[in-house]
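What follows is one structure encoded as structure tokens, with my remarks underneath.
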Amino acid sequence: QVQLVESGGGLVQAGGSLRLSCAASGRTFSMNNMGWFRQAPGKERELVSTIDWSGITYYADIVKGRFTISRDNFKNAVYLQMASLKPEDTAVYFCAADVRRGTASYWGQGTQVTVSS
């Protein structure tokens, strides 16, 4: 099993920044591909970004150039630096481990990000 705990969500004005953190524990060999998903009210959960063990990253087009994913393999932690936030970025953000084909095997409990206009 893998346990994931997110932190860093909150309320921010449009144009502002937030940094999400995810602390992982458990079966570290399942943490090769880590990522962040988000789910806005009334919408399906969507993939935001992923990062593999070597640091290769993927970003959804809607966040490319604004969000930066990183990881610290020694701390088993993953981060999402979000800048130039927009009201449409408002969602619950979920940390995920073992991300494959647009879904994941392990999920955190989620952290709320609210961007006011």
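Using the numbering used here, the letters of the sequence shown correspond one by one to residues 963 to 1079.
Positions of the beta carbon are idealized from the N, C-alpha and C atoms, including for glycine.
Report yes if the C-beta distance between residue i and residue j is below 8 Å; otherwise report no.
{"i": "Val1075", "j": "Asp1060", "result": "no"}
{"i": "Ala976", "j": "Val1077", "result": "yes"}
{"i": "Met1044", "j": "Arg1028", "result": "yes"}
{"i": "Leu980", "j": "Leu1047", "result": "yes"}
Could you name the residues of the same chain whose beta carbon sits closer than 6 Å to that of residue i, not counting the 5 residues immediately before and after it, in chain order?
{"i": "Ile1031", "result": "Ser1011, Ile1013, Thr1019 and Leu1042"}
{"i": "Gln1071", "result": "none"}
{"i": "Gln963", "result": "Gly988"}
{"i": "Gly978", "result": "Leu1047"}
Using a Cβ-Cβ cut-off of 7 Å (strictly less than) and excluding sequence neighbours within five positions of residue i, which residues of its own chain qualify?
{"i": "Leu1009", "result": "Gly997, Phe999, Ala1022 and Gly1064"}
{"i": "Cys1057", "result": "Leu966, Glu968, Cys984, Trp998, Val1040 and Gly1070"}
Could you spell out where the beta strand (DSSP E) holding residue i opens and where it closes?
{"i": "Val1010", "result": "Glu1008 to Ile1013"}
{"i": "Thr990", "result": "Thr990 -> no beta strand (DSSP E), and no H or E assigned at all."}
{"i": "Asp1023", "result": "Here Asp1023 belongs to no beta strand (DSSP E), and DSSP marks it neither H nor E."}
{"i": "Phe1056", "result": "Ala1053 to Arg1062"}
{"i": "Leu1042", "result": "Ala1039 to Met1044"}
Tell me whether residue i is buried or exposed, calling it buried when 16 or more other Cβ atoms sit within 10 Å of its Cβ.
{"i": "Glu968", "result": "buried"}
{"i": "Leu973", "result": "exposed"}
{"i": "Phe1036", "result": "exposed"}
By alpha-carbon positions, which one of the options ends up nearest to residue i?
{"i": "Asn1038", "options": "Thr990, Ser1016, Phe1056 and Gln963", "result": "Thr990"}
{"i": "Gln965", "options": "Leu973, Val974, Ala985 and Gly971", "result": "Ala985"}
{"i": "Cys970", "options": "Leu1047, Arg1007 and Tyr1055", "result": "A small correction: the amino acid at residue 970 is Gly; Cys does not occupy that position in the sequence shown. Of the listed residues, the one whose Cα sits closest to Gly970 is Tyr1055."}
{"i": "Gly1017", "options": "Val1025, Lys1026 and Asn995", "result": "Asn995"}
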